[in-house]
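Heads up: take any position in the sequence shown, counting from 1, add 934, and you land on the working numbering.
What follows is a single structure, written as structure tokens, with notes after it.
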Amino acid sequence: MAEQSNQVQFQSEEVVNISEIPQNSVEIVKNKLYFLNINKQPLLSERDQFFTTDSTLRYKSFGLDFGPLNIGYVYRFCTMIDNLIQEHQNDNERFFYFSSFDQEKRANAIFLIVSYMTLFQNKTSQEAFEPFE
């Protein structure tokens, strides 16, 4: 059985320059973790790290459905995010979790980040989802 990678991958070679925190981003963990919708890969910077799960944590559909993702993916994502936050809590590095504007990918990405907020940040489901309404 092939080992699954925790590395995130980009599908496009087009890039977008993000020099400051975009207005349409959602702050998940103060000054540390943000969610963002963009259609192009952001340019890398020394302070900011960008990652996506659009092509790595994909739902295997049974028809025309597109989610939610299985509990293994939720666990993998939440522990990855929590490890990032813990490892970098005392530095200035910021993390931007992004998804494309594709409705199915965006819905699954928001499901993952809301899961993280409820399981690891002790938010209620209403509190976790509120910034996305």
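Ideal placement from N, C-alpha and C gives every residue a C-beta, glycine not left out.
CB residue i to CB residue j, shorter than 7 Å?
{"i": "Leu-1003", "j": "Asn-1042", "result": "yes"}
{"i": "Val-960", "j": "Phe-969", "result": "yes"}
{"i": "Lys-966", "j": "Ile-1019", "result": "yes"}
{"i": "Cys-1012", "j": "Phe-1066", "result": "no"}
{"i": "Ser-923", "j": "Arg-1040", "result": "Because the chain here runs from 935 to 1067, residue 923 falls outside it and cannot be looked at."}
Does the Cβ of residue i lie closer than 6 Å to at least one heavy atom of the ligand FMN?
{"i": "Ile-1047", "result": "No copy of the ligand FMN appears in this structure; indeed no ligand is present at all."}
Please determine, among the options, the residue with the shortest C-alpha to C-alpha distance to residue i.
{"i": "Phe-1029", "options": "Asn-958, Lys-974, Phe-985 and Phe-1035", "result": "Phe-985"}
{"i": "Asp-982", "options": "Tyr-1031, Tyr-1007, Ile-1005 and Lys-974", "result": "Tyr-1031"}
{"i": "Asp-1016", "options": "Asp-988, Glu-1038 and Asn-1056", "result": "Asn-1056"}
{"i": "Ser-979", "options": "Tyr-1007, Asn-1026, Val-1008 and Glu-1061", "result": "Asn-1026"}
{"i": "Val-1008", "options": "Thr-990, Glu-1064, Gln-1060 and Glu-1021", "result": "Thr-990"}
For residue i, collect the residues of the same chain with a Cβ closer than 8 Å to its Cβ; drop the 5 residues on either side in sequence, then sort them by chain order.
{"i": "Thr-1058", "result": "Thr-1052"}
{"i": "Asp-988", "result": "Gln-945, Ser-1033, Ser-1034, Asp-1036, Lys-1039 and Ala-1043"}
{"i": "His-1022", "result": "Lys-966 and Phe-1029"}
{"i": "Asn-958", "result": "Leu-970 and Asn-971"}
If residue i and residue j are in contact, beta carbons under 8 Å, what's the gap, nearest whole angstrom?
{"i": "Asn-973", "j": "Phe-1035", "result": "6 Å"}
Excluding five sequence neighbours on each side, which residues of the same chain lie with their C-beta closer than 6 Å to the C-beta of residue i?
{"i": "Ala-1062", "result": "Val-1048, Met-1051 and Thr-1052"}
{"i": "Glu-948", "result": "The predicted model places Glu-948 with a pLDDT of 41, which falls under 50 and marks its position as unreliable; any figure quoted below should be read in that light. Cβ within range, chain order: Lys-974."}
For chain C, find out if any of its Cβ atoms is closer than 7 Å to the Cβ of residue i; answer yes or no.
{"i": "Asp-1036", "result": "As a matter of chain content, chain C is missing from the structure shown, which is built from one protein chain."}
- Jot down the residue ranges of each uninterrupted alpha helix (DSSP H) in the stretch 1023–1067, minimum 4 residues, whole runs only, in chain order. Listed in chain order, the complete alpha helix (DSSP H) runs (minimum 4 residues) inside the stretch 1023–1067 are 1037–1054 and 1059–1063.
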